[in-house]
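The structure appears right after this line, and notes come after that.
In our numbering, the protein residues as written are 575 to 920.
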């Protein structure tokens, strides 16, 4: 595992058979784990740069099927709207829960809607959520939307940037495969390498997108139901306070910069500890349980790619993009799994 996140030095882990390595030939699946801030332009640039540099076989993102609208949202530039609204490269390895088909309003432009509109939409989209749970989720979305608006980015923009590179890579690979098949069909293939190849046939690969997060509706339900009555009141009051008293742009940028760029800063750990102290069960359901879930999905994906490597000898690479707060838990569990313990819940 290699972790090119700027919040910590690079970490290298050589996994054993639990993480898709062939014992005798030391063939394994390489994973690059990028920790991001979901409202940061730097994170968008990092995700794009990493994808273009690595050209992975799989892009693993901290999204679920219910939030796929983040990837499919059109830009202001209106490039070409994707012909397939659900590209073949987007694979939900989580439970294929297609309970709702997300629309553009689901995860973006929340700052342009009133709390009342967002609340009504949340109840319609998630009928199993209680009214107070829906209100909590709306207030959290409102805060994130306001932060993103102040910083001039869209929520989860790093996922979209990575997805664009992945779909372009897949399209290029599909075109290359079509060309090779056409040449062979008409006897134009010169016997393997070909002038078009220039080693390109060996080096080119497509990119599959894996949605690796637990369904958001399940996470929200578990988080809210884990709270006592007093805890629920405390949470809603805290979110209301955060909505009304928000930091200015300078404070926001400084806070994000401390988390992402200063290796000596422990702001992120302190924030998670504060959350754990005030809402221990929420920290468990929103961070710890999802760390376990995503680790299991990542290891499952690595095993599948490792088996393909064992068949043809070609190394496979995964780029995993998750929120910075999930990196320590995922790395720790992968290391534990690499020693034979296996991640909890897997």
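Backbone N, C-alpha and C define an ideal beta-carbon position, used for all residues, glycine too.
ask   = Would you say the region 630-643 touches the region 719-736, given that touching needs at least three Cβ pairs under 8 Å?
value = Because the criterion of three Cβ pairs below 8 Å is met, the region 630-643 and the region 719-736 touch.
ask   = Got a sec? Which residues, its chain only, sit under 7 Å from residue 721 by beta carbon, not counting five neighbours each side?
value = Indexing the chain shown from 1 puts residue 721 at position 147. Around residue 721: 613 and 826.
query = With contact counted as at least three CB pairs below 8 Å, one residue from each stretch, are the region 873-890 and the region 606-625 in contact?
reply = Taking 8 Å as the limit for Cβ pairs, the verdict is that the region 606-625 does not touch the region 873-890.
query = For residue 606, which of helix, strand or coil comes out of DSSP?
reply = Mapped onto the chain shown, residue 606 falls at position 32. Residue 606 sits in a strand when the DSSP states are folded into three classes.
task = List the residues that DSSP assigns as beta-bridge partners of residue 890.
result = Position 316 of the chain shown holds residue 890. Looking at the DSSP assignment, residue 890 forms a beta bridge with 603.
task = Determine the DSSP secondary structure at residue 762, reduced to helix, strand or coil.
result = Start at 1 with the first residue of the chain shown, and residue 762 comes out as number 188. Note: residue 762 maps to coil in three-state DSSP.
ask   = In the structure shown, what three-state DSSP assignment does residue 903 receive?
value = Taking the first residue of the chain shown as position 1, residue 903 is located at position 329. Helix at residue 903.
ask   = What separation, rounded to the nearest whole angstrom, lies between the Cα atoms of residue 700 and residue 783?
value = For the purposes of this step, residue 700 is taken as the residue at position 126 of the chain shown. For the purposes of this step, residue 783 is taken as the residue at position 209 of the chain shown. If I take the Cα positions, the gap works out to 25 Å.
inquiry  = For residue 706 and residue 810, which I take to be in contact (beta-carbon distance under 8 Å), what is that distance rounded to the nearest angstrom?
reply    = Taking the chain shown and counting its residues from 1, the one referred to as residue 706 is at position 132. Taking the chain shown and counting its residues from 1, the one referred to as residue 810 is at position 236. Rounded to the nearest angstrom, the Cβ distance from residue 706 to residue 810 is 7 Å, consistent with a contact under 8 Å.
query = Hey, out of 710, 902, 605 and 731, whose CA is closest to residue 644's CA?
reply = Residue mapping note: residue 644 aligns to position 70 of the chain shown, counting from 1. Sorting 710, 902, 605 and 731 by C-alpha distance to the C-alpha of residue 644 places 731 at the top.
query = Which whole-angstrom value is the C-beta distance of residue 625 and residue 893, which I expect to be below 8 Å?
reply = Along the chain shown, one-based indexing puts residue 625 at 51. Along the chain shown, one-based indexing puts residue 893 at 319. Contact between residue 625 and residue 893 holds, since their C-beta atoms are separated by about 6 Å, short of 8 Å.
query = Three-state secondary structure (DSSP) at residue 642?
reply = Counting from one through the chain shown, the residue named residue 642 turns up at place 68. DSSP places residue 642 outside both helix and strand once states are collapsed to three, so it counts as coil.
message = Is it buried or exposed, residue 715, if we count other Cβ atoms within 10 angstroms and call 16 or more buried?
response = Walking along the chain shown from the start, residue 715 turns up at place 141. Per the 10 Å Cβ criterion, buried.
request  = Have a look at residue 620 and residue 790 and give me their C-alpha separation to the nearest angstrom.
outcome  = One-based indexing of the chain shown puts residue 620 at position 46. One-based indexing of the chain shown puts residue 790 at position 216. Rounded to the nearest whole angstrom, the C-alpha separation of residue 620 and residue 790 is 25 Å.
inquiry  = According to DSSP, residue 897 sits in a beta bridge with which residue or residues?
reply    = Stepping through the chain shown from its first residue, residue 897 is reached at position 323. Its beta-bridge partners are 610.
task = Can you tell me which of 898, 639 and 870 puts its alpha carbon nearest to the alpha carbon of residue 910?
result = Residue mapping note: residue 910 aligns to position 336 of the chain shown, counting from 1. By alpha-carbon distance to residue 910, the top candidate from 898, 639 and 870 is 870.
key: Option in 777, 710, 640 and 698 with minimal Cα separation from residue 817   = If you number the chain shown from 1, residue 817 lands on position 243. The residue among 777, 710, 640 and 698 with its C-alpha nearest the C-alpha of residue 817 is 710.
inquiry  = Considering Cα atoms alone, identify which of 908, 808, 758 and 696 is closest to residue 851.
reply    = As a working mapping, residue 851 is identified with position 277 in the chain shown. Among 908, 808, 758 and 696, the Cα nearest to that of residue 851 belongs to 808.
query = Excluding the five sequence neighbours on either side, which residues of its own chain have a C-beta within less than 6 Å of the C-beta of residue 768, listed in chain order?
reply = Taking the first residue of the chain shown as position 1, residue 768 is located at position 194. Its pLDDT being 43, under 50, residue 768 is placed unreliably in this model, and the value from its coordinates should be taken loosely. Spatial neighbours of residue 768 in its own chain (CB-CB distance under 6 Å, excluding positions within 5 residues in sequence) are not present.
Under 7 Å between C-beta atoms of residue 848 and residue 903 = What you label residue 848 is simply residue 274 of the chain shown in a count that begins at 1. What you label residue 903 is simply residue 329 of the chain shown in a count that begins at 1. Judged by beta-carbon spacing, residue 903 lies beyond the 7 Å limit of residue 848, meaning their Cβ atoms are not closer than that value.
query = Cβ of residue 786 within 6 Å of any heavy atom in the ligand MN?
reply = Of ligands this structure carries none, so the ligand MN is not represented either.
inquiry  = Using only the alpha-carbon positions, how far apart do residue 743 and residue 872 sit?
reply    = Sequence index remark: in the chain shown, residue 743 carries index 169 (1-based). Sequence index remark: in the chain shown, residue 872 carries index 298 (1-based). The C-alpha of residue 743 lies about 21 Å from the C-alpha of residue 872.
request  = Decide if residue 868 is buried, meaning its Cβ has at least 16 other Cβ atoms within 10 Å, or exposed.
outcome  = To locate residue 868, count along the chain shown from 1; it is residue 294. Taking all protein chains in view, the Cβ of residue 868 is crowded by 16 or more other Cβ atoms within 10 Å, so the residue is classified as buried.
task = State the Cα-Cα distance for the pair residue 553 and residue 781, rounded to the nearest angstrom.
result = This structure cannot speak to residue 553, because the chain is shown only from 575 to 920.
ask   = With DSSP run on the structure shown, which of helix, strand or coil describes residue 751?
value = The residue labelled residue 751 in the question sits at position 177 within the chain shown. The three-state reading of DSSP puts residue 751 in helix, counting H, G and I together.
ask   = Where are the beta strand (DSSP E) runs, 3 residues long or more, that stay fully inside the region 802-881, in chain order?
value = Within the region 802-881, there are no complete beta strand (DSSP E) runs of at least 3 residues.
task = Could you spell out the range, first to last residue, of the beta strand (DSSP E) harbouring residue 926?
result = Summary: the structure shown does not reach residue 926, with the chain confined to residues 575 through 920, and so no result is reported for it.
task = State the start and end residues of the unbroken beta strand (DSSP E) segment that holds residue 712.
result = In the chain shown, the residue the question calls residue 712 occupies position 138. In the DSSP annotation of this structure, residue 712 is not part of any beta strand (DSSP E); the continuous alpha helix (DSSP H) holding it starts and ends at 705-725.
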